[in-house]
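*Asks:* If you scroll down you'll find the structure; I have some questions about it.
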Amino acid sequence: MPALAAVAAGLTLFAAPAAPAPIAPVTSASVGAQVVPAAFDPAATPQANRATVTVTAQAAGTLQVDVVTAGGIVVRALLAPTAVTAGQTQTLTWDGAGVPDGHYAVRARLTDAAGAVQESLTPVTRDGADPVVTVPAPAPSVTARGPVRVRATATDLSGATAMRLVVESQLGVEIGTVKMPAPVDGASELAWNLRVKGRLLLPGAYRLRVAADDAVGRRGQGEAHLLRVERAVTSTQIYRLPEAGAKVALTFDDCLDTGPWLQLLAALRRARVKATFFCNGVNVRSNPQAARRTVADGHTIGSHTWSHPWMTQKDAGEQRSQIRGDREIWWSVAKASPGPFFRPPYGDVDAGVRASAGAEGMAWTVLWDVDPSDYLRPSVGVLVDRVVSKARPGSIVVLHVEANTAAAVPGMVRGLRAQGLQPVSLDELFGRASYLARARRG
Ligand SMILES: [Zn+2]
Numbered sequence: 000m001p002a003l004a005a006v007a008a009g010l011t012l013f014a015a016p017a018a019p020a021p022i023a024p025v026t027s028a029s030v031g032a033q034v035v036p037a038a039f040d041p042a043a044t045p046q047a048n049r050a051t052v053t054v055t056a057q058a059a060g061t062l063q064v065d066v067v068t069a070g071g072i073v074v075r076a077l078l079a080p081t082a083v084t085a086g087q088t089q090t091l092t093w094d095g096a097g098v099p100d101g102h103y104a105v106r107a108r109l110t111d112a113a114g115a116v117q118e119s120l121t122p123v124t125r126d127g128a129d130p131v132v133t134v135p136a137p138a139p140s141v142t143a144r145g146p147v148r149v150r151a152t153a154t155d156l157s158g159a160t161a162m163r164l165v166v167e168s169q170l171g172v173e174i175g176t177v178k179m180p181a182p183v184d185g186a187s188e189l190a191w192n193l194r195v196k197g198r199l200l201l202p203g204a205y206r207l208r209v210a211a212d213d214a215v216g217r218r219g220q221g222e223a224h225l226l227r228v229e230r231a232v233t234s235t236q237i238y239r240l241p242e243a244g245a246k247v248a249l250t251f252d253d254c255l256d257t258g259p260w261l262q263l264l265a266a267l268r269r270a271r272v273k274a275t276f277f278c279n280g281v282n283v284r285s286n287p288q289a290a291r292r293t294v295a296d297g298h299t300i301g302s303h304t305w306s307h308p309w310m311t312q313k314d315a316g317e318q319r320s321q322i323r324g325d326r327e328i329w330w331s332v333a334k335a336s337p338g339p340f341f342r343p344p345y346g347d348v349d350a351g352v353r354a355s356a357g358a359e360g361m362a363w364t365v366l367w368d369v370d371p372s373d374y375l376r377p378s379v380g381v382l383v384d385r386v387v388s389k390a391r392p393g394s395i396v397v398l399h400v401e402a403n404t405a406a407a408v409p410g411m412v413r414g415l416r417a418q419g420l421q422p423v424s425l426d427e428l429f430g431r432a433s434y435l436a437r438a439r440r441g
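Structure representation (structure tokens):
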């Protein structure tokens with residue numbers, strides 16, 4: 000019985016909220032109206048922002064045309080009583096001004112010489128609102144390869160006509176969209192295989208949304224749900240990414256103290272630059288406010304292990320738990336994942352460390368090609384000089400979360416830009432390779 004109860008609860012959750020029904024049409028042999036389009040958005044472009052009403056009287060008499068509610072209340076007079084001959088047509092428009100969104104009807108009323116009244120009702124919908132999209136949490140919320148079941152309902156006056164799953168990075172960058180089955184009564188369900196444009200999502204954390212279009216061309220979007228992808232991958236070691244073009248990744252390691260960390264975030268915000276933070280788990284745990292701010296500001300995060308050991312001195316089990324601990328503290332503190340980027344402390348890496356990083360979902364083992372030794376605290380001028388003089392297209396610069404380094408950020412950014420190089424985060428440097436597995440080679 001508990002299983003049945005769960006099924007019933009699930010169905011209840013999925014049921015589309017009741018939307019008011021359109022008014023049922025009423026036809027008459029003597030008088031009729033055509034309304035095009037049957038639903039319109041008063042805020043749409045000219046032509047599409049109104050309904051054109053064509054009324055034809057089949058007999059002579061007095062014609063009156065109104066827009067009415069389901070209860071027969073007139074909200075707009077379209078044609079005052081007018082004498083018409085048999086076969087005469089009147090073309091009128093209704094722009095919906097002054098009335099709320101809803102289902103209405105065009106009522107055409109013909110009174111003949113004997114006083115007999117004939118009437119038709121033709122439905123028309125004023126829809127100036129975006130579809131309201133409801134998406135229960137996709138299941139499962141942690142997976143290796145899917146499928147993930149995504150269900151959505153859209154409540155809308157003119158009706159949802161199309162829905163798509165929008166896949167975003169944990170920072171809210173759109174990675175791509177996946178078409179969902181055509182909605183039926185506003186509901187659609189997708190069993191998603193974690194592929195975007197044919198490529199599988201890399202391990203990491205993502206945000207899933209569902210967007211719906213309605214019959215008048217409005218778009219609504221539901222709240223985002225988090226999805227964690229966790230599986231073993233092959234970790235690729237990289238020092239520089241020349242194919243990224245005129246971009247240089249500034250990366251900041253360790254994150255020991257809150258003060259310098261917040262100073263660095265402020266300097267990056269002022270410079271309008273996104274960067275990357277490779278923080279140790281112990282430091283994420285003791286600086287949760289700065290950790291959350293880092294993610295909220297849109298910076299890439301990567302794993303730098305839990306406690307900064309020489310990784311080649313550890314066995315595989317310890318290596319993996321060092322990375323896993325860092326990954327889990329980021330999740331509990333900031334609901335974010337450092338995957339798929341891993342930086343070994345001291346750059347101490349061998350095939351075994353790479354294998355452990357891959358086993359924990361770190362597709363990229365990120366070293367560097369520019370090291371200005373900022374941890375020795377050279378003067379700001381010297382530090383800026385070292386970075387700017389050595390950076391090339393696709394360079395990865397290793398820096399540390401320190402007050403002295405934060406003070407050098409404006410100079411580094413100016414100097415790089417003066418050379419035509421754009422300081423970026425690893426997400427921005429890698430682009431799709433931050434999120435999607437490489438295409439399989441044929
Ligand atoms: Zn370090």
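Numbering (numbering that gives the first Met the number 0), first residue to last: 0 to 441.
For each residue, glycine too, the CB sits at the ideal point set by N, CA and C.
The structure displayed is predicted, hence computed values, not measured ones.
Out of T176, A159, L200, which one is the CA nearest neighbour of R218?
*Replies:* Cα-wise, what sits closest to R218 is A159.
*Asks:* At what residues does the alpha helix (DSSP H) containing D426 begin and finish?
*Replies:* First-last of the alpha helix (DSSP H) with D426: 425 to 429.
*Asks:* Beta carbon of P337: closer than 7 Å to some heavy atom of ligand 1?
*Replies:* False, no ligand heavy atom lies under 7 Å from that Cβ.
*Asks:* Does the distance between the C-beta of P344 and the nearest non-hydrogen atom of ligand 1 fall short of 7 Å?
*Replies:* Checking every heavy atom of ligand 1 against the Cβ of P344, one is found closer than 7 Å.
*Asks:* Please list, in chain order, all residues of the same chain as K178 whose beta carbon is under 7 Å from its beta carbon, the five residues on each side excluded.
*Replies:* Contacts found: R163.
*Asks:* Just how far apart, CA to CA, sit D368 and R391?
*Replies:* Spanning the two alpha carbons is a distance of roughly 9 Å.
*Asks:* DSSP three-state call for V400: helix, strand or coil?
*Replies:* If DSSP states are grouped into helix, strand and coil, V400 belongs with coil.
*Asks:* Indicate, with yes or no, if ligand 1 has a heavy atom lying under 7 Å from the CB of D253.
*Replies:* Under cutoff, so the answer is yes.
*Asks:* Of all the beta strand (DSSP E) runs that stay within the bounds of the region 163 to 208, which reach a length of 3 or more residues?
*Replies:* Correct list: 173 to 178, 186 to 191.
*Asks:* Using the Cα positions of W93 and D40, report the straight-line distance between them to the nearest angstrom.
*Replies:* Using only the alpha carbons, I get a separation of about 11 Å.
*Asks:* Relative to ligand 1, is the shortest distance from any of its heavy atoms to the C-beta of H303 smaller than 7 Å?
*Replies:* Yes, ligand 1 has a heavy atom inside 7 Å of this Cβ.
*Asks:* For Q288, count the other beta carbons within 10 Å of its own beta carbon; 16 or more makes it buried, fewer makes it exposed. Which is it?
*Replies:* Q288 is exposed by the Cβ-count criterion.
*Asks:* Tell me, to the nearest whole angstrom, how far the beta carbon of L62 is from that of L109; I am working on the premise that it is less than 8 Å.
*Replies:* Rounded, the Cβ-Cβ distance is 5 Å, consistent with contact.
*Asks:* Pick helix, strand or coil for A7, following the three-state DSSP scheme.
*Replies:* Residue placement at A7 is flagged as unreliable, the pLDDT there being 42, under the threshold of 50; the coordinate-derived value follows with that caveat. Three-state DSSP puts A7 in a helix.
*Asks:* Does ligand 1 have a heavy atom nearer than 7 Å to the CB of H298?
*Replies:* The answer is no for H298.
*Asks:* When burial is assigned at 16 or more other CB atoms within 10 Å of the CB, is E401 buried or exposed?
*Replies:* E401 should be labelled buried.
*Asks:* Any idea if W309 is buried or exposed, counting beta-carbon neighbours within 10 angstroms, 16 or more meaning buried?
*Replies:* When all chains shown are included, W309 counts as exposed.
*Asks:* Spell out a yes or no on whether the region 316 to 336 and the region 243 to 261 are touching, meaning 3 or more CB-CB pairs, one atom from each, closer than 8 Å.
*Replies:* Taking 8 Å as the limit for Cβ pairs, the verdict is that the region 243 to 261 does not touch the region 316 to 336.
*Asks:* Which residues does DSSP pair with Y103 in a beta bridge?
*Replies:* Paired residues: V123.
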